[in-house]
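Note sheet for the following structure.
Number of protein chains: 2
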Amino acid sequence: MKTEDELRDLQMLQYRIRSYGPGKMVYGAHDPHAFVYNIISGWVAISHDLLDGQRQISQFLTKGAIFGLRPEGLVSNGKSAMALDEVTVCAMPAANLSVLLNSHPQLNRRLVWMMGRESLITENRLAFVGQTSALTRIANLLMELTVMATRKLAHMADSKIRLPLTQSQIADATGLTAIHVNRMLRKLREDRVLDFHDGILTLMNPDALKTLAQLGDEIADAWVID
Amino acid sequence: MKTEDELRDLQMLQYRIRSYGPGKMVYGAHDPHAFVYNIISGWVAISHDLLDGQRQISQFLTKGAIFGLRPEGLVSNGKSAMALDEVTVCAMPAANLSVLLNSHPQLNRRLVWMMGRESLITENRLAFVGQTSALTRIANLLMELTVMATRKLAHMADSKIRLPLTQSQIADATGLTAIHVNRMLRKLREDRVLDFHDGILTLMNPDALKTLAQLGDEIADAWVID
DNA sequence: CGTGTGTTTGACATACCTCAAAGTCTGTGG
DNA sequence: CCACAGACTTTGAGGTATGTCAAACACACG
Chain X
13 MKTEDELRDL QMLQYRIRSY GPGKMVYGAH DPHAFVYNII SGWVAISHDL LDGQRQISQF
73 LTKGAIFGLR PEGLVSNGKS AMALDEVTVC AMPAANLSVL LNSHPQLNRR LVWMMGRESL
133 ITENRLAFVG QTSALTRIAN LLMELTVMAT RKLAHMADSK IRLPLTQSQI ADATGLTAIH
193 VNRMLRKLRE DRVLDFHDGI LTLMNPDALK TLAQLGDEIA DAWVID
Chain H
13 MKTEDELRDL QMLQYRIRSY GPGKMVYGAH DPHAFVYNII SGWVAISHDL LDGQRQISQF
73 LTKGAIFGLR PEGLVSNGKS AMALDEVTVC AMPAANLSVL LNSHPQLNRR LVWMMGRESL
133 ITENRLAFVG QTSALTRIAN LLMELTVMAT RKLAHMADSK IRLPLTQSQI ADATGLTAIH
193 VNRMLRKLRE DRVLDFHDGI LTLMNPDALK TLAQLGDEIA DAWVID
C-alpha cells in the first residue's frame, strides 16, 4: 500500500496536520499520549529516558513512518518524540484508529508491517550497540540514516546527504559520549571515509563505509519505506 | 484474551506441537522460516548474529509468547531462536496465520499487542545496554527474567527463581563478556544483593536489586503476559 | 555584545576487555 | 571404575577503548 492511499484512508479520521520546529517535542516523556502520528515531512527522533536522566535514542523516523502507537493497557513512560528539523505530521486520536483498523484490513496489515519493521530496526541497533566498536556503531547509524533519507543503498563517491543531527544525538543513539563521537568522526574524515559537518554527510568512500558499518544486505530493506 | 482461548483458535490451523532440548535451535540464522511459534512451556532466546560472528540476544521468551513472525517482504537474516531448557512450542505455517488474522479480529489484536510489547521490551534493553553500567545492565536483565518467570514484581527476601541461563548468555544479552559478567555476579553476591548459581537465582535483597536495576514501574507491566 | 548551543582538542581516569590458566562438573568410552 | 573431553565458571595480570574533566572556539540569536 502506498503512502497516498494510506493518507486517503486517514481522512476518515479526525486527523489534524501539525508542524514542529527543530528541537520541539511532539510528545514528552510523561505526556498521556492519545495520538498516533504519521510523518508527512522531516525527521523525528524517538527516545527513551532512564531514571537517572540518561537518554537513548531508539529510532530515527522520516516521511511515511508511523509513531506514537502503544500496546493497549501498557504505559510506556519515559518515551518521547522530538522533531529534528522542520517536521509536519498527521496526528489522529488513537481511539479512532483502532476503530478504523477493524474495518480496513489493508490499513491493519500496513500497521503490522510497520511495527515489524520497527522491531527489526531496533534489534539491529541493539546488536550494534551491544557488540561493536564505537567506529562501527557510528558508521552503521550513518548508513541507516543515509538509506532512510535517500531510499537507496548504493551511493557514488562524494554524494552529499542532509542529515539534521547533532553529534550529541549520534552519541545518544549509539550509546557513546558526544566527545567520543567527535573523535571518531574526525578519524573517519582523516581516513577519507566520510565527512559529517553541519548536518551534511559527504560520502567520500561509500564502499569503505559499508565495510566499516558491517552492513548486511537484508537490514537495508527494512530501512526503506516503500 | 487469555492463553486458553488463543490456543483454541490456533487449533483451526495446521499447528504442530514440537519439543526442543536445551541448546537446540528452533530456527537458525539462515533458515527460511516459514513457521510462527507459540511457547507452551520453557524458555527461548532470540538472538541476532552479526557478520563477524558476534551474537546479541535481543529477547528471552517464556510461556504464552509468540515468535518467528516477520514483516512480509523483509528478510531478517541472522536471527535465530534457541531453546534454553526443555521447550514445547506450538508451530504453525505463517501463511495460515495471516488467513486467520483476517477472520479473527480478536487474534489480530492480540498479535498487535504482542508485537508492541516486544518493541517496548527491546527498546528498554537497548536503553540499558547503551546507557548504563555493567552492574545495572545485569541487575535489570535479572529483574526482567524474574518478573517474566514469576509474573509478579514483588518478591520476598531469599526467594529462589529458576532461570535456565549461563553467564555467557547473560553476557550476550547485556553486551558484556562472560568474564566480566562473572565478576559482576561475584560482586552482587558479596554485596548480598543476589546469588546466581546453576540456573537458580536467589534474591537476597530484592529492594537493593530493584534500585540497582533502575527499574521503572511501567516496564514491569510489559514483562508480564496476562 | 553577551549568552547558549554545538564542536574541537588535550590530558587523564577507569570500566571493561583480553589473555592465560586452573577449577568444577557432566557425560562418555575404555 | 578410571581417564578424558567438553562446557561452564572462577581468578589474576595487564591492556585499551571509551569516559571524564577542562578549556577554547565557532556560530546563531537576541
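Residue numbers (the working numbering), protein chains in the order written: chain X, 13 to 238; chain H, 13 to 238.
Glycine included, every Cβ here is placed at the ideal spot set by N, Cα and C.
Any beta carbon from chain X within less than 8 Å of Glu156(H)'s own beta carbon? no
Of the choices Met37(H), Val99(H), Gln66(H), whose alpha-carbon is the least far from that of Pro176(H)? Val99(H)
Does any residue of chain X have a CB that is nearer than 8 Å to the CB of Trp125(H)? yes
For the beta strand (DSSP E) containing Arg82(X), list its first residue and its last residue. Where Arg82(X) is concerned, there is no enclosing beta strand (DSSP E), given that its DSSP letter is neither H nor E.
Exposed or buried, which one is Gln118(H) when buried takes at least 16 other CB atoms within 10 Å? exposed
What first and last residue would you give for the beta strand (DSSP E) that runs through Met155(X)? Segment 146–162 is the alpha helix (DSSP H) holding Met155(X); no beta strand (DSSP E) there.
Put Ile78(H) into one of helix, strand or coil per three-state DSSP. strand
In terms of DSSP beta bridges, what is Ala166(H) paired with? According to DSSP, Ala166(H) bridges with nothing at all.
Pick out whichever of Ile173(X), Arg163(X), Ser70(X) has its Cα sitting closest to the Cα of His209(X). Ile173(X)
Chain H contact residues for His116(X), given Cβ-Cβ distances below 8 Å: Residues of chain H passing the Cβ test: none, with the nearest at roughly 12 Å.
For the beta strand (DSSP E) holding Leu175(H), just list the boundary residues, first then last. Per DSSP, Leu175(H) belongs to no beta strand (DSSP E) and is neither H nor E.
Applying the criterion that 16 or more other CB atoms from any shown protein chain within 10 Å of the CB defines a buried residue, is Ser70(H) buried or exposed? buried
Beta-bridge partners of Phe72(H), as assigned by DSSP: Ala57(H)
Could you check which residue in Ala57(X), Leu123(X), Val48(X) has the C-alpha nearest to that of Thr74(X)? Ala57(X)
If you draw a straight line from the C-alpha of Arg149(X) to the C-alpha of Val111(H), how long is it? 39 Å
Coarse secondary structure for Lys199(X), derived from DSSP in three states: helix
Could you tell me how far apart the beta carbons of Pro256(X) and Asp97(X) are, in whole angstroms, since I believe they sit closer than 8 Å? Not covered by the structure: residue 256(X). The range shown for chain X is 13 to 238.
Taking the beta carbon of Ala190(H) as the centre, do at least 16 other beta carbons fall within 10 Å, making it buried, or is it exposed? exposed
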